[in-house]
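Residue numbers (full-length UniProt numbering): 1 to 150.
The C-beta atom is built at its ideal place from N, Cα and C for all residues, glycine as well.
Okay, here's the thing in structure tokens:
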């Protein structure tokens, strides 16, 4: 895979599509503000992201997160019944999205996804996975299942 190229236009487009109702992270930079000043910050962010990728380093302040416990099930008195959720910077989420898009485009472009991979892919879902499983079952094809959640 070639290095990810981060362009101002890509950053600008993603900034303009930020959801303004999302929470700000530990840096207190609100997505609503980022969206409002997207024309002014797109180029500096593109430079920051590009340098971070080329140097394999992320500024320390962007590594911070607010971690909150979220209740799953069972007794609320047991720590094991909670899972940690991290609220990170909207700036970092933007960079992660650019990298994710590049990786997914590469994997899809080179047909590296398994036929069975339905999670986190555009245009397919749990429903399409169930339809394929139902079809395999109907034709008495071997059917395997793996659950990863408890």
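Express the C-alpha separation of residue j and residue i in angstroms, rounding to a whole number.
i           : j           : result
residue 116 : residue 109 : 17 Å
residue 5   : residue 96  : 13 Å
residue 63  : residue 41  : 20 Å
residue 106 : residue 1   : 7 Å
residue 46  : residue 118 : 31 Å
residue 61  : residue 27  : 7 Å
residue 78  : residue 7   : 47 Å
residue 80  : residue 73  : 9 Å
residue 89  : residue 35  : 14 Å
residue 132 : residue 51  : 43 Å
residue 139 : residue 130 : 14 Å
residue 125 : residue 149 : 17 Å
residue 134 : residue 9   : 43 Å
residue 144 : residue 128 : 16 Å
residue 142 : residue 121 : 24 Å
residue 20  : residue 33  : 8 Å
What residue range does the alpha helix (DSSP H) around residue i cover?
i           : result
residue 116 : Careful: residue 116 lies outside any alpha helix (DSSP H) and carries neither H nor E.
residue 134 : 126-138
residue 9   : 8-16
Quick one: what's residue i bridged to in DSSP?
i          : result
residue 88 : 65
Who are the near neighbours of residue i in its chain, counting only those whose CB is closer than 7 Å to its CB and skipping five residues on each side?
i           : result
residue 44  : none
residue 102 : 4
residue 58  : 52
Grab me the residues of residue i's own chain with a C-beta within less than 6 Å of its C-beta, minus the 5 sequence neighbours each way, in chain order.
i           : result
residue 30  : 24
residue 196 : For the chain, the structure presents residues 1 to 150; residue 196 sits outside this window and is missing.
residue 85  : 68, 70
Skipping 5 residues on each side, what residues in its chain have a beta carbon closer than 8 Å to that of residue i?
i          : result
residue 14 : 94, 97, 98
residue 12 : 38, 39, 42
residue 82 : 69, 70, 71, 72
With a threshold of 8 Å between beta carbons, is residue i in contact with chain C?
i          : result
residue 71 : Checking the listed chains, one finds no chain C in this structure; it contains a single protein chain.
Quiz item: Of all the beta strand (DSSP E) runs that stay within the bounds of the stretch 20-86, which reach a length of 3 or more residues?
Solution: The qualifying runs are 65-71.
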